[in-house]
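S.K.:
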Amino acid sequence: MIRSARRVLPYALVLAALGLRLHGLTFQSLWRDEVDAIRFAQAGSVTSLRQLGWNGPLYTWLLGLWLDWTGTSEFAARFSSLLAGVALTPVVYRLGAALSSRRTGLAAAALAAMSAYLTWYSQELKMYSLLALLGAASTTLLLRALQDGGRKRWSGYVLLTATLPYVHVLGVLLIPAHALAYLLAWPRSRPKLRPFALSLAVLVIPYVPLAAWQAPLLLNAFQTGHPYYPLPDMLEILARGWTLGIVASADARLMAPFALALAGLALRPRLDAGARFLIGWLTVPVLLVHLISLRAPVFTDRYLIASLPALLLLAAVGVERVSRRSWGAGLLVLAVTLAVQLHGIRQQTSYSIKTDTRSAARIVQQQWQEGDLLLLQIPYLRYSMDYYLGEGYPILEGPFTNYGMSPEEAGRYFSVGTQAHQRVWLVLSEAEMWDHRGLTEAWLRQNAAILEEWELARLRLLKAELGSDAPAPAD
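Going by the numbering used here, the first residue of the sequence shown is number 265, and it counts up by one from there.
#1: Taking a contact to mean a Cβ-Cβ separation below 8 Å, would you say P643 touches E661 in this structure?
#2: Under three-state DSSP, which class holds D332?
#3: Contact defined as beta carbons within less than 8 Å: I believe R582 pairs with A674. What is the distance between those atoms, to the nearest angstrom?
#4: State yes or no: is the C-beta of M378 within less than 8 Å of the C-beta of L284?
#5: Quick one, are the C-beta atoms of N319 and V436 less than 8 Å apart?
#6: Identify whether L316 lies in helix, strand or coil by the three-state DSSP scheme.
#7: What are the start and end residues of the alpha helix (DSSP H) that includes I714?
#8: So, for A400: in the same chain, excluding its five sequence neighbours on each side, which residues have a beta-carbon less than 7 Å away from its beta-carbon?
#9: Whose C-alpha, out of D332, D297, I510 and A281, is nearest the C-alpha of S616?
#10: Give me, in chain order, the residues of the same chain whose beta-carbon lies closer than 6 Å to that of L407; leave out the 5 immediate sequence neighbours on both sides.
#11: Please report the straight-line C-alpha distance between S386 and Q611, rounded to a whole angstrom.
#12: Determine the direct distance from the alpha carbon of E388 to that of V562, and round the result to whole angstroms.
#13: Using DSSP's beta-bridge definition, name the partner residues of I659.
#14: I believe A625 touches L720 by the beta-carbon criterion, under 8 Å. Please report the beta-carbon distance rounded to the nearest angstrom.
#15: By the DSSP assignment, the beta strand (DSSP E) with L690 in it spans what residues?
#16: Candidates E298, Q292, G308 and L286: which alpha carbon is nearest L645's?
#17: Give me the Cα-Cα distance between D332 and R701, rounded to the nearest whole angstrom.
#18: For L376, count neighbouring Cβ atoms within 10 angstroms of its own Cβ and tell me buried if that reaches 16, exposed if not.
#19: Would you check if the distance between the CB atom of L502 and the CB atom of D565 is smaller than 8 Å?
#20: Using DSSP bridges, identify the partner residues of E729.
#21: Going by other Cβ atoms of all chains shown within 10 Å of its Cβ, with 16 needed for buried, is Y667 buried or exposed?
#22: Give every residue of the same chain whose Cβ lies closer than 6 Å to the Cβ of A280, excluding the five residues on either side of it in the sequence, and list them in chain order.
#23: Is R534 helix, strand or coil by DSSP?
#24: Do you know whose CA, among L639, F678, D650 and K390, lies nearest I659's CA?
#25: Please tell me whether L578 and L546 are closer than 8 Å, where the distance is taken between their beta carbons.
#26: Rounded to a whole number of angstroms, what is the C-alpha to C-alpha distance between N711 and E717?
#27: From the DSSP output, which residues share a beta bridge with R724?
#28: What is the rounded straight-line gap between the Cα of A276 and the Cα of R270?
#29: Between the beta-carbon of L542 and the beta-carbon of V553, is there less than 8 Å?
#30: Going by CA-CA distance only, name the one from I556, Q605, S571 and S557 that's closest to A520.
#31: In this structure, how does DSSP classify I302 when only helix, strand and coil are distinguished?
#32: Touching or not, the segment 437 to 444 and the segment 328 to 342, by the rule of three or more beta carbon pairs under 8 Å?
#33: Comparing C-alpha positions only, which one of R722, G528, L518 and L690 sits nearest to A713?
#34: Between which two residues does the alpha helix (DSSP H) harbouring F291 extend?
#35: Let me make sure I understand the geometry here. Which of E694, E696, W698 and L725 has the alpha-carbon closest to that of L708?
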């Protein structure tokens with residue numbers, strides 16, 4: 265009976281991962297990056313995997329194939345990320361079993377299945393869920409090649425790992441992570457050193473086309489659009505997000521169960537080869553991103569998601585060591601850690617977090633009248649509004665006022681743009697990037713009667729009726 269339950273448990277965890285990711289798959293509105301993913305994939309924007317300046321050309325190409333087959337609904341599009349997120353669970357199980365024990369594999373699979381952070385990105389139409397899966401799968405192939413050798417295993421490792429930089433620009437960091445993890449795990453014996461070194465050398469070849477345009481950017485300290493975070497801040501952001509998820513990370517006290525699981529690593533005087541390997545996999549990408557950011561800030565926690573499985577596996581090793589001292593204590597630490605994760609998932613499906621363009625579009629669609637006009641600040645909102653409304657709605661793009669446009673110049677722009685319309689729907693989201701003085705909203709309040717306002721997640725919507733005494737456009 266117990267043996268049968270143990271055989272069934274890995275499959276049950278995969279089903280749990282599927283259920284948790286299906287629940288709330290479309291709860292959040294698509295935000296602009298997700299809409300862009302659909303636009304670029306459908307437009308055939310990627311014409312070459314070596315395309316200059318493109319992050320994730322292989323992902324965009326694969327997504328295009330997926331959308332051609334499934335369509336572009338929220339559910340169908342995001343299901344591509346869900347599949348990768350679910351597939352990660354058995355891969356983590358295999359990794360845990362290979363590096364430590366079957367019990368470690370089960371604990372790691374449970375942590376992956378119920379990870380609030382992984383669930384979030386399994387429900388987002390971007391490459392991050394796939395990046396985590398490929399990182400774990402690549403590591404699995406590496407361990408099998410190191411254990412059993414053979415051309416097929418080494419070739420499989422090289423081919424899969426070579427795809428990572430083409431899925432995300434920072435996927436390449438897994439290669440030096442594997443190199444240092446290998447040296448940490450086997451500082452003296454160094455199994456299969458020659459084929460491993462040859463594999464690393466071969467992996468340089470597919471990265472050369474990307475390095476040709478990426479290296480000059482880094483050397484010239486290009487503007488990335490990301491703020492600089494000192495290393496301690498980076499570590500805090502990663503610790504909160506990776507262990508608690510997107511919303512629950514606001515309460516650091518909830519990290520305590522995960523910290524207890526990791527503390528279990530100290531129950532042995534020395535770290536074994538598996539734990540040292542995981543530490544290398546976890547830390548190298550983080551440190552490299554920190555070094556890169558000293559010149560060109562590139563840190564965002566999701567960019568490092570390919571190393572998150574290493575953290576979950578380390579926690580699982582800690583749980584397994586606690587359970588060797590006390591089976592009940594180990595089970596309790598794991599259960600409380602999973603409960604916190606489930607709390608994080610519930611939080612993520614209880615609050616609108618992403619820009620709620622969907623609700624704004626629904627309101628506009630329900631109350632739209634002939635002669636209405638959409639005024640968008642920032643103009644990039646048009647793509648999200650087009651996704652939910654469809655094309656054909658008249659749109660006036662908000663002007664870029666941050667380089668010194670005067671209120672009078674803005675007023676003339678709005679007067680000309682709205683003169684053929686009776687009502688204006690003003691949609692504001694991230695407007696400070698385009699209009700930090702609020703000239704767009706100020707003009708509307710001065711020249712129209714505000715009929716209704718809505719405060720949505722990361723978005724404000726105003727419905728206004730233009731007055732007959734609005735200033736006439738200048739000649």
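Built from N, CA and C at the ideal position, the CB exists for glycine as well.
M.R.: Let me spell this out:
#1: Numbered from its first residue, the sequence shown carries residue 643 at position 379. Numbered from its first residue, the sequence shown carries residue 661 at position 397. Cβ atoms of P643 and E661: closer than 8 Å.
#2: For the purposes of this step, residue 332 is taken as residue 68 along the sequence shown, with counting starting at 1. In the structure shown, D332 sits in a helix (DSSP, three-state: H, G or I).
#3: By 1-based counting over the sequence shown, the position of residue 582 is 318. By 1-based counting over the sequence shown, the position of residue 674 is 410. For clarity, residue 582 is Gly in the given sequence; the question names Arg instead. 58 Å between Cβ atoms; not a contact.
#4: Within the sequence shown, numbered from 1, the residue matching residue 378 stands at position 114. Within the sequence shown, numbered from 1, the residue matching residue 284 stands at position 20. Their beta carbons are under 8 Å apart, which means M378 touches L284 by this criterion.
#5: Sequence index remark: in the sequence shown, residue 319 carries index 55 (1-based). Sequence index remark: in the sequence shown, residue 436 carries index 172 (1-based). In this structure, V436 does not lie closer than 8 Å to N319 by Cβ.
#6: On the sequence shown, residue 316 is found 52 positions in, with the first residue counted as 1. Three-state DSSP puts L316 in coil, outside helix and strand.
#7: Locating residue 714 in the sequence shown gives position 450, counting from the first residue. Unbroken run through I714 is the beta strand (DSSP E), A712 to L720; no alpha helix (DSSP H).
#8: The sequence position of residue 400 within the sequence shown is 136, counting from 1. Hits under 7 Å: L352, V355, V356, L359 and P573.
#9: For the purposes of this step, residue 616 is taken as residue 352 along the sequence shown, with counting starting at 1. S616 has its Cα closest to that of I510, out of D332, D297, I510 and A281.
#10: Counting from 1 along the sequence shown, the entry for residue 407 is found at position 143. Here the set comprises A362.
#11: Sequence index remark: in the sequence shown, residue 386 carries index 122 (1-based). Sequence index remark: in the sequence shown, residue 611 carries index 347 (1-based). So the two alpha carbons sit approximately 15 Å from each other.
#12: Working through the sequence shown from its first residue, we reach residue 562 at position 298. Working through the sequence shown from its first residue, we reach residue 388 at position 124. Cα-Cα distance, rounded: 20 Å.
#13: Taking the first residue of the sequence shown as position 1, residue 659 is located at position 395. According to DSSP, which records beta bridges pairwise, I659 is partnered with L638.
#14: For this step, residue 625 is matched to residue 361 along the sequence shown. For this step, residue 720 is matched to residue 456 along the sequence shown. That belief does not hold up - the Cβ atoms of A625 and L720 are roughly 11 Å apart, past 8 Å.
#15: Here residue 690 corresponds to residue number 426 of the sequence shown, with the count starting at 1. From DSSP, the beta strand (DSSP E) with L690 extends over R687 to L692.
#16: As a working note, residue 645 is residue 381 in the sequence shown. L645 has its Cα closest to that of E298, out of E298, Q292, G308 and L286.
#17: As a working note, residue 332 is residue 68 in the sequence shown. As a working note, residue 701 is residue 437 in the sequence shown. Approximately 43 Å, taken between the alpha carbons.
#18: Looking up residue 376 in the sequence shown gives position 112. Going by the sequence as given, residue 376 is Ala instead of Leu. Counting Cβ neighbours within 10 Å, A376 comes out buried, since at least 16 surround it.
#19: Within the sequence shown, the letter at position 238 stands for residue 502. Within the sequence shown, the letter at position 301 stands for residue 565. Against a cut-off of 8 Å, the Cβ pair of D565 and L502 comes out as a contact.
#20: Here the question's residue 729 lines up with position 465 in the sequence shown. Per DSSP, R687 and A713.
#21: Here residue 667 is taken as the residue at index 403 of the sequence shown, counted from 1. When all chains shown are included, Y667 counts as exposed.
#22: Numbered from 1 along the sequence shown, position 16 holds the residue referred to as residue 280. Hits under 6 Å: A377.
#23: On the sequence shown, position 270 is the one that residue 534 refers to. Three-state result, R534: coil.
#24: Counted from its first residue, the sequence shown places residue 659 at position 395. Of the candidates L639, F678, D650 and K390, the one whose C-alpha sits nearest the C-alpha of I659 is L639.
#25: If you number the sequence shown from 1, residue 578 lands on position 314. If you number the sequence shown from 1, residue 546 lands on position 282. Yes, they are a contact pair.
#26: Reading the sequence shown from its first residue, position 447 is the one you call residue 711. Reading the sequence shown from its first residue, position 453 is the one you call residue 717. Using only the alpha carbons, I get a separation of about 16 Å.
#27: The residue given as residue 724 occupies position 460 in the sequence shown. In DSSP, R724 forms a bridge with L692 and E719.
#28: Here residue 276 corresponds to residue number 12 of the sequence shown, with the count starting at 1. Here residue 270 corresponds to residue number 6 of the sequence shown, with the count starting at 1. Roughly 10 Å between the two C-alpha positions.
#29: The residue given as residue 542 occupies position 278 in the sequence shown. The residue given as residue 553 occupies position 289 in the sequence shown. The Cβ atoms of L542 and V553 do not sit closer than 8 Å to each other.
#30: By 1-based counting over the sequence shown, the position of residue 520 is 256. Nearest option by C-alpha distance: Q605.
#31: Here the question's residue 302 lines up with position 38 in the sequence shown. Residue state, collapsed to three classes: helix.
#32: no
#33: Here residue 713 is taken as the residue at index 449 of the sequence shown, counted from 1. Ranking the options by Cα distance to A713, first place goes to L690.
#34: What you label residue 291 is simply residue 27 of the sequence shown in a count that begins at 1. Unbroken run through F291: none, as it is neither H nor E.
#35: Along the sequence shown, read from residue 1 onward, the residue named residue 708 stands at position 444. For L708, the nearest C-alpha among the options comes from L725.
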